[in-house]
Ligand code: DX5
Ligand code: ZN
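Numbering (our numbering), first residue to last: 130 to 363.
#1: Could you have a look at residue 242 and say whether DSSP puts it in helix, strand or coil?
#2: State the start and end residues of the unbroken alpha helix (DSSP H) segment that holds residue 271.
#3: Assuming residue 188 and residue 152 make a contact with CB atoms under 8 Å, what is their CB distance in whole Å?
#4: Would residue 202 be called buried (16 or more neighbouring beta carbons within 10 Å of its own) or exposed?
#5: Is residue 292 near residue 277, with beta carbons less than 8 Å apart?
#6: Quick one: using the 10 Å Cβ neighbour count with 16 as the cut-off for buried, is residue 249 buried or exposed?
#7: Given a cut-off of 8 Å, decide if residue 171 and residue 200 are closer than it, judged by their beta-carbon atoms.
#8: Which residues, in chain order, sit with a beta-carbon under 6 Å away from any heavy atom of the ligand ZN?
#9: Whose C-alpha, out of 204, 213, 154 and 195, is nearest the C-alpha of residue 181?
#10: Does the distance from the C-beta atom of residue 266 to that of residue 215 stay below 8 Å?
#11: In this structure, what does DSSP give as the bridge partners for residue 148?
#12: When DSSP labels each residue in this structure, what does residue 222 get in the three-state scheme?
#13: Below 7 Å, is the gap between the Cβ of residue 183 and the nearest heavy atom of the ligand DX5?
#14: Considering only the alpha carbon of each residue, which of 134, 274 and 353 lies closest to residue 310?
#15: Between which two residues does the beta strand (DSSP E) holding residue 254 run?
#16: Going by C-alpha distance, which of 228, 339, 175 and 256 is nearest residue 136?
#17: CB of residue 152 to nearest heavy atom of the ligand DX5: below 7 Å?
#18: Rank 145, 360 and 162 by C-alpha distance to the C-alpha of residue 349 and give the top, closest one.
#19: For the 8 Å Cβ check, are there 3 or more pairs between the stretch 341 to 361 and the stretch 301 to 319?
#20: In this structure, what does DSSP give as the bridge partners for residue 180?
This is the structure:
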């Protein structure tokens, strides 16, 4: 459990939230990689949960989230569920310490019910859009969402190549939130590095999820986070 209520206020132009994806951490030194990401100024920690069905890979269970929670009690945990039937797992992840839970519309028959369930567990509710999924799926759930996660790769693996067409979707989501006066944040996830961060921020992204560019940065995690922030600032 965690009592953090994630602030959804947008930051001024030039400032961005960075959410390191722990999928790219060194699993043999997981705790110290988490600590390095926090020391480097991570705003949120991003947990990629994969079930081997919705995506062709396995990753973490709720027990991993629960294990990290005590040492990082002040940091929002951003849980990205790439699983079929997320309704079977929402309670467990909320209980383990998630603060934001994001689900894919294709993974459930009952998107709105699941979003309401996430909020009922005291978490912010997000919807993730695969590269081929249109923002149109959000039209009738706009009051139920706090975050839209734009997948800039196909979900399932870290270290993939950024798909540039995703920038258009970010801009479209930015326009939709203005037109509908919605308060959701826009997050981007997959292949995000300092080379694409500034454009994504200009398109309307509020959160950069980044695995490889943070944890595999040649100069270390601190440089990885700083490079993202600095590119947006310039
Ligand atoms: C992909 C995941 C991403 C991914 C990001 O399925 O949702 O969070 O791990 O890692 P990089 O930044 O390496 O693409
Ligand atoms: Zn993710």
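Each residue gets a CB set at the ideal place from its N, CA and C atoms; glycine is no exception.
By the coordinates alone:
#1: Note: residue 242 maps to helix in three-state DSSP.
#2: Segment: none, residue 271 is in no alpha helix (DSSP H) and carries neither H nor E.
#3: That pair is a contact at about 6 Å.
#4: By the neighbour-count rule (16 or more Cβ atoms within 10 Å), residue 202 is not buried but exposed.
#5: No. Outside cutoff.
#6: Exposed: under 16 other Cβ atoms inside 10 Å.
#7: One thing to note: residue 200 has its Cβ no nearer than 8 Å to the Cβ of residue 171.
#8: Shown in chain order are the residues whose CB sits closer than 6 Å to a heavy atom of the ligand ZN: 150, 175, 177, 209, 318 and 338.
#9: Answer by Cα proximity: 213.
#10: Not in contact: residue 266 and residue 215 (Cβ atoms no closer than 8 Å).
#11: Beta-bridge pairing links residue 148 to 338.
#12: Correct three-state label for residue 222: helix.
#13: False, no ligand heavy atom lies under 7 Å from that Cβ.
#14: Per the Cα distances, 274.
#15: For residue 254, the enclosing beta strand (DSSP E) covers residues 253 to 258.
#16: Residue 136 has its Cα closest to that of 228, out of 228, 339, 175 and 256.
#17: Checking every heavy atom of the ligand DX5 against the Cβ of residue 152, one is found closer than 7 Å.
#18: Ranking the options by Cα distance to residue 349, first place goes to 162.
#19: No, because fewer than three Cβ pairs between the stretch 341 to 361 and the stretch 301 to 319 fall closer than 8 Å, the two stretches do not touch.
#20: DSSP lists 187 as the bridge partner or partners of residue 180.
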